[in-house]
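Mapping to our numbering: the sequence shown position 24 is 28, numbers consecutive.
Structure, as structure tokens:
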Amino acid sequence: MTTAHPTWPRDVPIKLHPQTRRHQANREKLEAAAIREFASHGLRGAKVSNIVAAAGLTQPSFYRTWPSKEAAYAEIVSQTREAWYVAARQVLDGPSSLPLKDRIYSGVHRLFQLLMHDHELTRMVLYESRLLPDRYEPFIEIYTGVFETAQQRALITQRLPAETLAQAYTALTRRLFMARLYTRQLSVEATSREIAELVYPLIRQEDL
Numbered sequence: 005m006t007t008a009h010p011t012w013p014r015d016v017p018i019k020l021h022p023q024t025r026r027h028q029a030n031r032e033k034l035e036a037a038a039i040r041e042f043a044s045h046g047l048r049g050a051k052v053s054n055i056v057a058a059a060g061l062t063q064p065s066f067y068r069t070w071p072s073k074e075a076a077y078a079e080i081v082s083q084t085r086e087a088w089y090v091a092a093r094q095v096l097d098g099p100s101s102l103p104l105k106d107r108i109y110s111g112v113h114r115l116f117q118l119l120m121h122d123h124e125l126t127r128m129v130l131y132e133s134r135l136l137p138d139r140y141e142p143f144i145e146i147y148t149g150v151f152e153t154a155q156q157r158a159l160i161t162q163r164l165p166a167e168t169l170a171q172a173y174t175a176l177t178r179r180l181f182m183a184r185l186y187t188r189q190l191s192v193e194a195t196s197r198e199i200a201e202l203v204y205p206l207i208r209q210e211d212l
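So, in structure tokens, the structure goes:
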């Protein structure tokens, strides 16, 4: 097994020591088992013994990875949110030749694929965030930055402030995610296409 360090050339693989590979494999097993346990029983009801049994490992292996189940839960939630934020920063990414509507579709499709990759994990993180009054603020801040950059590059309209566009985009994607995807009524592709059709008239350049 090899992996590539993000700052190394892609064609120069790093050979991992067998012990490192084993540690990574065990960590992945523990994370997967922990997600299932937390999603089923919540933090309070989750048991380390259940996690290690599901992973086929021992309790010492768990405590070499995290000092407590609370630490495991916090890390999983934090890392999941950060992965969502990374995807959110890419909502208008794409080659310069890509039409704006396709760019919108590609960006929201990428985010929704991530959210739906593990429905139980997403449900767990959303439940953890439900009482935070500012839980959508990170997305609004990210989208504001994305739209400001797009306005500077003359990719989207300047008739509305970037923050206003970000608030509208956040509200729309949240609404359709919960109504279409979270309930599994529509596919990622169909929901992403619907959002692209709704967002495009809002952010396109007036003369396009």
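Backbone N, C-alpha and C define an ideal beta-carbon position, used for all residues, glycine too.
The beta carbon of residue 117 is closer than 7 Å to those of 192 in its chain, skipping five residues each way along the sequence.
One Cα belongs to residue 167, the other to residue 151, and the distance between them is close to 8 Å.
Taking C-beta separations shorter than 7 Å and ignoring five residues to either side along the sequence, the partners of residue 170 in its chain run 144, 147, 148 and 151, following chain order. The Cβ-Cβ distance between residue 125 and residue 208 does not fall below 8 Å. Between residue 89 and residue 200 the beta-carbon gap is near 21 Å, outside 8 Å, which marks them as no contact. A direct Cα-Cα distance of roughly 15 Å separates residue 71 from residue 50. Separation of residue 210 and residue 59 (C-alpha to C-alpha, rounded to the nearest whole angstrom) is 55 Å. The shortest C-alpha to C-alpha distance from residue 47 to any of 33, 66, 56 and 76 is the one to 76. Its Cα nearest to that of residue 206, the residue 162 stands out among 186, 137, 162 and 102. Between the alpha carbons of residue 25 and residue 156 lies a distance of about 45 Å.
For residue 147, the secondary structure class from DSSP, reduced to helix, strand or coil, is helix. The segment 95 to 174 is shown to contain whole alpha helix (DSSP H) runs of 4 or more residues at 104 to 121, 123 to 133 and 141 to 156, in chain order. The distance from the Cβ of residue 39 to that of residue 122 is about 7 Å, consistent with a contact at the 8 Å cut-off. By the C-beta density criterion, residue 35 is buried, having at least 16 other C-beta atoms within 10 angstroms.
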